[in-house]
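Chemist:
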Amino acid sequence: MPIRDSVLALLVTVIWGANFVVIDEGLDGMPPVLFVAIRFVVVVFPAILFVKRPEVPWRVLGTVGLFLSIGQFGLLYSALKVGMPAGLASLVLQAQVLLTVLLAALRLHERPTTRQLVGVGLGIVGLAVVAGGRSAATPWLGLLLTLAAALSWATGNIAARQARVASGLSLTVWSALFVPVPMFLLSLALDGPTAVGHALGHLSTANVLSTLYTAVLASLVGYGIWNTLLARHAAAQVVPFTLLVPVTGMLTAWLVQQERPGPLELTGGVVLLLGVAVTAVGGWRGERKAEPLPMEPLTEGRAR
1 MPIRDSVLAL
11 LVTVIWGANF
21 VVIDEGLDGM
31 PPVLFVAIRF
41 VVVVFPAILF
51 VKRPEVPWRV
61 LGTVGLFLSI
71 GQFGLLYSAL
81 KVGMPAGLAS
91 LVLQAQVLLT
101 VLLAALRLHE
111 RPTTRQLVGV
121 GLGIVGLAVV
131 AGGRSAATPW
141 LGLLLTLAAA
151 LSWATGNIAA
161 RQARVASGLS
171 LTVWSALFVP
181 VPMFLLSLAL
191 DGPTAVGHAL
201 GHLSTANVLS
211 TLYTAVLASL
221 VGYGIWNTLL
231 ARHAAAQVVP
241 FTLLVPVTGM
251 LTAWLVQQER
261 PGPLELTGGV
271 VLLLGVAVTA
281 VGGWRGERKA
291 EPLPMEPLTE
301 GRAR
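For the sequence shown, counting from 1, position 156 maps to 156 in the UniProt record's numbering; every step adds exactly one.
(1) Just the C-alpha distance for residue 51 and residue 132, rounded to the nearest angstrom, thanks.
(2) Taking 6 Å as the limit between beta carbons, can you name the residues of its chain near residue 53, skipping five residues before and five after?
(3) DSSP on residue 297, reduced to helix/strand/coil?
(4) Would you tell me roughly how many angstroms separate the C-alpha atoms of residue 110 and residue 157, rounded to the nearest one?
(5) Counting C-beta neighbours from all protein chains within 10 Å, is the total for residue 193 16 or more, i.e. buried, or is it exposed?
(6) Just verifying my parser: in three-state terms, what is the DSSP assignment at residue 113?
(7) Please go through the same chain and pick out, in chain order, the residues whose beta-carbon is closer than 6 Å to the beta-carbon of residue 20, but skip the five residues on each side of it.
(8) Specify the secondary structure class of residue 211 as computed by DSSP and reduced to three states.
(9) Identify whether residue 90 lies in helix, strand or coil by the three-state DSSP scheme.
(10) Leaving aside the five residues before and after residue 217 along the sequence, list all residues of the same chain whose C-beta is less than 6 Å from its C-beta, in chain order.
(11) State the CB to CB distance for the pair residue 141 and residue 82, rounded to an integer number of angstroms; the pair is presumed to be in contact (CB under 8 Å).
(12) In or out: residue 79 buried (at least 16 other Cβ within 10 Å) or exposed?
(13) Give me the residue from 95, 138, 149 with the minimum Cα distance to residue 242.
(14) At the level of alpha carbons, what is the spacing between residue 73 and residue 2?
(15) With a threshold of 16 other CB atoms inside 10 Å of the CB of residue 55, please say whether the residue is buried or exposed.
(16) Suppose the cutoff is 6 Å on Cβ atoms and the five residues either side in sequence are ignored; what does the same chain contact list for residue 13 look like?
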């Protein structure tokens with residue numbers, strides 16, 4: 001890729017990597033499910049007035065919204081709320097790459113290559129090491145919720161692949177239309193009207209800035225740049241940049257929150273990333289044109 005496009009790809013990985021810490025900091029005093037609802041209100045409006053609706057049925061948009069947004073971010077925000085370290089979350093969420101390969105084999109009958117199977121195996125080993133070596137700062141519930149978020153993201157990837165839309169940004173904006181109301185109602189049920197009303201009436205600067213960052217930078221700007229790069233270059237040149245998302249995520253967590261993973265967590269993370277690298281690079285090698293798939297951790301990789 002030209003240097004300019006490489007710099008843009010690096011910029012996206014920095015935006016998406018820092019996204020985890022931004023979410024974590026913004027969750028102070030805010031119910032996680034309600035925070036997701038607020039985020040996607042900003043994703044939808046006013047973008048939906050300017051972004052053309054993709055030519056897919058409404059049920060497809062609803063399915064993508066359910067798994068890529070409601071499931072992924074509802075679970076991720078909840079994981080961070082119960083104490084999952086932000087940097088480690090950015091790493092564990094990359095399991096979505098491995099899970100996408102497995103779900104594609106089951107749902108789309110896409111036969112994984114030997115290299116992909118080796119990558120999935122390495123990733124599973126890495127996750128096991130992370131789980132076994134987790135520190136006291138990493139609660140089991142947070143780890144399980146993050147893995148569930150990765151599974152939801154992977155399921156959303158399959159739905160997005162089946163949709164085969166030309167613009168990942170349009171799919172992001174229009175599928176987000178299905179997020180705010182269900183998440184708001186779910187927050188009312190889980191947290192109660194009193195807690196919801198108090199949170200909405202006492203929005204802090206951190207809440208507002210976190211929402212603007214995640215909605216505008218991580219979702220809209222990140223997706224816009226990422227899908228432009230995928231339209232210009234082969235996926236094998238673009239997709240490996242996502243491996244830098246957990247690196248920037250963990251670095252940001254170290255600088256902002258003084259988060260330091262334990263030796264086994266770090267070792268398992270390296271093995272997990274190696275598995276993701278083998279799976280991703282092997283899966284897209286030789287392709288001339290890529291299909292845009294949501295990669296945000298995000299992050300916002302593309303949560304995602």
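The C-beta atom is built at its ideal place from N, Cα and C for all residues, glycine as well.
Modeler: Walking through what the data contain:
(1) The sequence position of residue 51 within the sequence shown is 51, counting from 1. The sequence position of residue 132 within the sequence shown is 132, counting from 1. Rounded to whole angstroms, residue 51 and residue 132 show a C-alpha spacing of 45 Å.
(2) Taking the first residue of the sequence shown as 1, we reach residue 53 at position 53. For residue 53, where only same-chain residues beyond five positions count, the Cβ hits under 6 Å are 174.
(3) On the sequence shown, position 297 is the one that residue 297 refers to. Note on residue 297: pLDDT 41, under 50, position unreliable in the model; no value is reported.
(4) In the sequence shown, the residue the question calls residue 110 occupies position 110. In the sequence shown, the residue the question calls residue 157 occupies position 157. C-alpha separation (whole angstroms): 14 Å.
(5) Looking up residue 193 in the sequence shown gives position 193. It is exposed - the Cβ of residue 193 has fewer than 16 other Cβ atoms within 10 Å.
(6) Counting from one through the sequence shown, the residue named residue 113 turns up at place 113. Correct three-state label for residue 113: coil.
(7) As a position in the sequence shown, residue 20 is number 20, starting the count at 1. The answer, listed in chain order, is 86, 89, 90, 249.
(8) In the sequence shown, residue 211 corresponds to position 211, counting from 1. Reduced to three states, the DSSP call for residue 211 is helix.
(9) Counting from 1 along the sequence shown, the entry for residue 90 is found at position 90. Helix at residue 90.
(10) The sequence position of residue 217 within the sequence shown is 217, counting from 1. Counting only Cβ-Cβ distances below 6 Å, and skipping sequence neighbours, we find 15.
(11) Along the sequence shown, read from residue 1 onward, the residue named residue 141 stands at position 141. Along the sequence shown, read from residue 1 onward, the residue named residue 82 stands at position 82. The pair is a contact, with the Cβ atoms about 5 Å apart (cut-off 8 Å).
(12) For the purposes of this step, residue 79 is taken as the residue at position 79 of the sequence shown. Buried: at least 16 other Cβ atoms inside 10 Å.
(13) Counted from its first residue, the sequence shown places residue 242 at position 242. If we check each option's Cα against that of residue 242, 95 comes out closest.
(14) Along the sequence shown, one-based indexing puts residue 73 at 73. Along the sequence shown, one-based indexing puts residue 2 at 2. Distance between the alpha carbons of residue 73 and residue 2: 33 Å.
(15) Here the question's residue 55 lines up with position 55 in the sequence shown. It is exposed - the Cβ of residue 55 has fewer than 16 other Cβ atoms within 10 Å.
(16) Position 13 of the sequence shown, counted from the first residue, corresponds to residue 13. In the same chain as residue 13, and ignoring 5 residues on each side of it, the C-beta atoms closer than 6 Å to its own belong to 241, 244, 245, 248, in chain order.
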